[in-house]
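Visitor: In the working numbering, the protein residues as written are 163 to 852. Where a beta carbon is used, it is the ideal one built from N, C-alpha and C, also for glycine.
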């Protein structure tokens with residue numbers, strides 16, 4: 163069962179307390195300058211505070227109470243924006259603290275020679291360098307990231323993955339990578355360290371989730387530039403209003419020029435403060451949501467790229483199919499009865515502990531009531547499967563039975579002096595066309611028939627692919643199977659395309675072809691042979707159980723080592739982009755609505771006739787301006803849960819998404835300010851504050 167690594171509550175009391183303090187710490191000019199839109203509000207807060215101090219000395223252009231109220235709510239606007247970012251950062255810091263707790267200075271047994279049994283010296287794990295070789299025995303913690311070069315052991319990786327079940331790590335293959343801070347439960351390993359101090363996987367993970375080191379994504383930078391441009395336009399427009407107002411009053415000989423305090427309030431309500439205050443929080447929260455799914459992203463760029471992905475490359479085994487092939491049928495050749503084939507297949511599988519072998523024994527038992535035989539009483543010698551022979555079997559008195567790949571059994575039958583029937587090849591092709599895997603069974607020089615192993619397509623996967631297609635994402639299945647088998651499984655799973663008999667070179671070529679067409683490609687991998695393709699892909703999710711080379715090549719690491727997670731990663735990336743788009747739409751619509759409240763009120767003293775535009779019927783010009791400023795601050799705090807949690811993900815196309823944003827957040831952004839500002843105005847009047 164998974165251990166819950168960190169608190170995922172939206173508003174954890176401890177995080178809120180720390181975020182409140184951080185909101186005040188972020189009031190330094192250097193920190194505020196990082197967000198140009200909120201920096202303008204920050205300057206406005208300082209200016210109105212200065213004007214309030216002036217008004218206390220009788221030098222102000224408006225009464226001190228109104229100026230103080232505007233100054234306070236401008237400071238609240240800055241603090242609320244800081245608070246939104248601090249809460250998002252606080253959740254990431256909590257995740258980083260959990261990871262840091264797994265870090266410890268471990269005593270290492272450094273070997274004099276890179277082999278088991280050689281002398282070792284005990285040193286601090288923090289002094290190990292790349293290339294050093296260490297011995298890790300049962301009960302020891304692994305002192306640093308590395309590759310197993312000798313031995314096999316059970317390793318507890320719960321400190322990293324949260325998964326209590328131990329995993330097997332061994333030399334060679336795709337399960338040789340080990341992580342510092344994990345613990346060997348049984349046996350021993352000889353590990354070659356692959357990183358220098360400060361570069362371990364845990365160090366990188368902590369760095370990844372520390373929001374202080376978060377880099378802005380390209381889309382976020384582009385949106386920031388747009389917001390800065392809008393702010394500059396409104397700043398220039400607001401600056402020109404004062405001389406225009408002075409000239410108008412002087413020419414008319416009546417009225418009162420607009421005040422600096424009102425101009426600052428007008429500017430703050432005109433610029434896109436809502437999205438400006440929440441933009442950073444959205445980005446930090448996106449990385450946080452990845453972490454909650456047990457995925458470590460190297461940067462916000464990787465999360466954002468996941469949201470823009472056009473093509474998904476998915477391994478067949480374990481992702482599209484369950485991965486454990488099960489025997490589903492015995493298909494004998496003419497002249498052989500099915501029960502005889504089942505009997506031979508079961509005998510050949512008695513010592514086969516693989517899921518496939520066990521399923522053959524069970525199928526024979528279910529169909530013909532054949533109980534497992536006593537291995538000792540049979541006097542049998544079992545021939546175990548090997549990559550060279552690609553078959554297994556049993557030798558008994560007077561009987562030699564083999565099962566394996568069609569070409570391997572073909573060669574075996576001919577070696578025994580028999581002839582491999584064409585009928586077997588036809589049966590093999592038929593099974594392959596159905597998307598199943600054929601195993602041929604032979605006794606001596608005679609081929610008896612075919613066992614059909616069916617790799618079950620995961621339930622609901624076809625619907626998931628249909629959703630991805632609706633979003634404009636193309637799915638491609640990657641498999642080492644032949645084209646016939648691949649085509650059958652691709653059709654059953656509902657993928658758009660497939661790559662059969664895939665090699666590392668073929669994967670790399672396929673990715674480059676799609677990227678040349680302007681598409682963004684995502685893929686998963688765990689082996690060293692996947693590293694080139696992972697390095698080329700735009701979103702590359704490496705399995706934590708995989709090799710160090712794969713993890714180095716990827717820009718995300720899935721701690722659960724679940725290939726299906728790629729679909730969830732894309733959905734999380736989409737959700738971040740959808741949240742940013744929705745809140746941007748709301749912010750712009752929100753500003754449009756505020757114009758109707760504040761502009762007529764701001765110029766009412768200069769042009770009394772503008773009172774006819776007071777469509778909200780607000781009590782006084784001062785009440786209208788103050789209500790708009792208060793609403794402008796409160797809407798930021800009200801939208802923090804949406805920015806952190808993200809809007810609800812729906813698999814829809816870009817056109818439908820735009821329509822939804824305009825309908826829900828565009829129209830909502832127009833209506834909510836009218837209701838909110840009017841409600842605040844009524845409260846101010848009721849309290850006698852205006």
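Relative to the C-alpha of residue 202, which candidate in 657, 440, 433 and 734 has its C-alpha closest?
Guide: Here residue 202 is taken as the residue at index 40 of the chain shown, counted from 1. Comparing Cα-Cα distances from residue 202 to each of 657, 440, 433 and 734, the minimum goes to 433.
Visitor: Tell me, to the nearest whole angstrom, how far the beta carbon of residue 508 is from that of residue 493; I am working on the premise that it is less than 8 angstroms.
Guide: As a first step, residue 508 must be located in the chain shown, where it is residue number 346. As a first step, residue 493 must be located in the chain shown, where it is residue number 331. 15 angstroms between Cβ atoms; not a contact.
Visitor: Per DSSP, what are the beta-bridge partners of residue 237 in this structure?
Guide: For this step, residue 237 is matched to residue 75 along the chain shown. Paired residues: none, contrary to the question.
Visitor: Which term fits residue 788, buried or exposed, when burial requires 16 or more other beta carbons within 10 angstroms of its beta carbon?
Guide: The count along the chain shown starts at 1 and reaches residue 788 at position 626. Burial call: buried.
Visitor: Give me, in chain order, the residues of the same chain whose beta-carbon lies closer than 7 angstroms to that of residue 506; leave out the 5 immediate sequence neighbours on both sides.
Guide: The sequence position of residue 506 within the chain shown is 344, counting from 1. Cβ neighbours of residue 506 beyond the five flanking positions: 563, 603, 605 and 610.
Visitor: Would you report the Cα separation of residue 628 and residue 622, rounded to the nearest angstrom?
Guide: Position 466 of the chain shown holds residue 628. Position 460 of the chain shown holds residue 622. Rounded to whole angstroms, residue 628 to residue 622 spans 10 angstroms at the Cα level.
Visitor: Are three or more beta carbon pairs between the segment 539 to 554 and the segment 636 to 654 nearer than 8 angstroms?
Guide: Touching, no, given that fewer than three Cβ pairs across the two stretches are closer than 8 angstroms.
Visitor: How big is the Cα-Cα spacing for residue 722 and residue 426?
Guide: For the purposes of this step, residue 722 is taken as the residue at position 560 of the chain shown. For the purposes of this step, residue 426 is taken as the residue at position 264 of the chain shown. Taking the straight line joining both Cα atoms gives about 52 angstroms.
Visitor: What did DSSP end up calling residue 503 once you bin it into helix, strand or coil?
Guide: Position 341 of the chain shown, counted from the first residue, corresponds to residue 503. Residue 503 falls in the helix class under three-state DSSP.
Visitor: Using a Cβ-Cβ distance under 8 angstroms, would residue 809 count as near chain C?
Guide: Protein chains in the displayed structure number just one, and chain C is not present.
Visitor: Since residue 341 contacts residue 318 with CB under 8 angstroms, what's their CB separation in whole angstroms?
Guide: For the purposes of this step, residue 341 is taken as residue 179 along the chain shown, with counting starting at 1. For the purposes of this step, residue 318 is taken as residue 156 along the chain shown, with counting starting at 1. Going by Cβ atoms, the distance from residue 341 to residue 318 rounds to 11 angstroms, so no, they are not a contact pair.
Visitor: Apart from the five residues on each side of it in sequence, which residues of its chain come closer than 6 angstroms, Cβ to Cβ, to residue 832?
Guide: In the chain shown, the residue the question calls residue 832 occupies position 670. Excluding residues within five positions, the ones whose Cβ falls inside 6 angstroms are 751 and 755.
Visitor: Under the rule that 16 or more other beta-carbon atoms within 10 Å means buried, what is residue 823, buried or exposed?
Guide: Within the chain shown, residue 823 is the residue found at index 661, counting from 1. Buried is the call here.
Visitor: Quick check: residue 277 and residue 355, are their CB atoms within less than 8 angstroms of each other?
Guide: By 1-based counting over the chain shown, the position of residue 277 is 115. By 1-based counting over the chain shown, the position of residue 355 is 193. Not in contact: residue 277 and residue 355 (Cβ atoms no closer than 8 angstroms).
Visitor: Do you know how far the Cα of residue 297 is from the Cα of residue 650?
Guide: As a position in the chain shown, residue 650 is number 488, starting the count at 1. As a position in the chain shown, residue 297 is number 135, starting the count at 1. Those two C-alpha atoms are separated by around 48 angstroms.
Visitor: Assess, as a yes-or-no matter, whether the segment 826 to 844 is touched by the segment 733 to 753 under the definition of 3 or more beta carbon pairs within less than 8 angstroms.
Guide: Cβ pair count under 8 angstroms is three or more, so yes.
Visitor: Spatial neighbours of residue 233 within its chain, please: CB distance less than 7 angstroms, with the 5 preceding and 5 following residues excluded, ordered by chain position.
Guide: For the purposes of this step, residue 233 is identified with residue 71 of the chain shown, where counting begins at 1. For residue 233, where only same-chain residues beyond five positions count, the Cβ hits under 7 angstroms are 207, 210, 211 and 214.
Visitor: Please return the same chain residues whose Cβ sits closer than 6 angstroms to the Cβ of residue 532, not counting the five positions on each side in sequence.
Guide: The residue given as residue 532 occupies position 370 in the chain shown. Cβ within range, chain order: 508 and 526.
Visitor: Which term fits residue 710, buried or exposed, when burial requires 16 or more other beta carbons within 10 angstroms of its beta carbon?
Guide: Working through the chain shown from its first residue, we reach residue 710 at position 548. Residue 710 should be labelled buried.
Visitor: If the criterion is Cβ atoms closer than 8 angstroms, does the pair residue 199 and residue 479 meet it?
Guide: The count along the chain shown starts at 1 and reaches residue 199 at position 37. The count along the chain shown starts at 1 and reaches residue 479 at position 317. Result no, Cβ atoms of residue 199 and residue 479 do not sit closer than 8 angstroms.
Visitor: Using only the alpha-carbon positions, how far apart do residue 270 and residue 279 sit?
Guide: Reading the chain shown from its first residue, position 108 is the one you call residue 270. Reading the chain shown from its first residue, position 117 is the one you call residue 279. Whole-angstrom Cα-Cα distance: 15 angstroms.
Visitor: Please report how far the alpha carbon of residue 546 lies from the alpha carbon of residue 517, in whole angstroms.
Guide: On the chain shown, residue 546 is found 384 positions in, with the first residue counted as 1. On the chain shown, residue 517 is found 355 positions in, with the first residue counted as 1. Between residue 546 and residue 517, the C-alpha separation is close to 15 angstroms.
Visitor: Determine the DSSP secondary structure at residue 365, reduced to helix, strand or coil.
Guide: Along the chain shown, one-based indexing puts residue 365 at 203. Residue 365 falls in the helix class under three-state DSSP.
Visitor: For the alpha helix (DSSP H) holding residue 610, just list the boundary residues, first then last.
Guide: Within the chain shown, the letter at position 448 stands for residue 610. Element bounds for residue 610: not the alpha helix (DSSP H) but the beta strand (DSSP E), 608 to 616.
Visitor: For the beta strand (DSSP E) containing residue 515, name the first residue and the last one.
Guide: For the purposes of this step, residue 515 is taken as the residue at position 353 of the chain shown. Residue 515 -> no beta strand (DSSP E), and no H or E assigned at all.
Visitor: Thinking C-beta only, is residue 794 closer than 8 angstroms to residue 239?
Guide: As a working mapping, residue 239 is identified with position 77 in the chain shown. As a working mapping, residue 794 is identified with position 632 in the chain shown. Yes, they are a contact pair.
Visitor: By Cβ distance, which residues of its chain are closer than 6 angstroms to residue 648, with the 5 residues on each side in sequence left out?
Guide: Here residue 648 refers to the residue found at position 486 of the chain shown. Taken in chain order, the residues that qualify are 641, 660 and 662.
Visitor: Do you know how far the Cα of residue 806 is from the Cα of residue 457?
Guide: Sequence index remark: in the chain shown, residue 457 carries index 295 (1-based). Sequence index remark: in the chain shown, residue 806 carries index 644 (1-based). When rounded, the distance between both Cα atoms is 17 angstroms.
Visitor: Pull up the DSSP beta-bridge partners for residue 477, would you.
Guide: For the purposes of this step, residue 477 is taken as the residue at position 315 of the chain shown. 640.
Visitor: Where in the segment 633 to 684 do unbroken runs of the beta strand (DSSP E), each at least 3 residues long, occur, reported from the N-terminal end onward?
Guide: Counting whole runs of 3 or more residues, the segment 633 to 684 contains the beta strand (DSSP E) stretches 636 to 640 and 659 to 661.
Visitor: On a CA-only basis, which of 435, 501, 580 and 761 is nearest residue 748? Give me that one, please.
Guide: By one-based count along the chain shown, residue 748 stands at place 586. Of 435, 501, 580 and 761, the residue nearest in Cα terms is 435.
Visitor: With a Cβ-Cβ cutoff of 8 angstroms, do residue 357 and residue 313 count as a contact?
Guide: One-based indexing of the chain shown puts residue 357 at position 195. One-based indexing of the chain shown puts residue 313 at position 151. Contact: no.
Visitor: Is it buried or exposed, residue 281, if we count other Cβ atoms within 10 angstroms and call 16 or more buried?
Guide: Residue numbering aside, residue 281 sits at position 119 when the chain shown is read from its first letter. With fewer than 16 other Cβ atoms within 10 Å, it is exposed.
Visitor: Per DSSP, which one or two residues make a beta bridge with residue 577?
Guide: Along the chain shown, one-based indexing puts residue 577 at 415. Beta-bridge pairing links residue 577 to no other residue.
Visitor: What does DSSP give as the partner residue(s) for residue 686 in the beta ladder?
Guide: Within the chain shown, the letter at position 524 stands for residue 686. Paired residue(s): 703.
Visitor: Is residue 194 a contact residue of the ligand GDP, with contact defined as CB to any heavy atom under 7 angstroms?
Guide: The ligand GDP is absent from the structure shown, which contains no ligand whatsoever.
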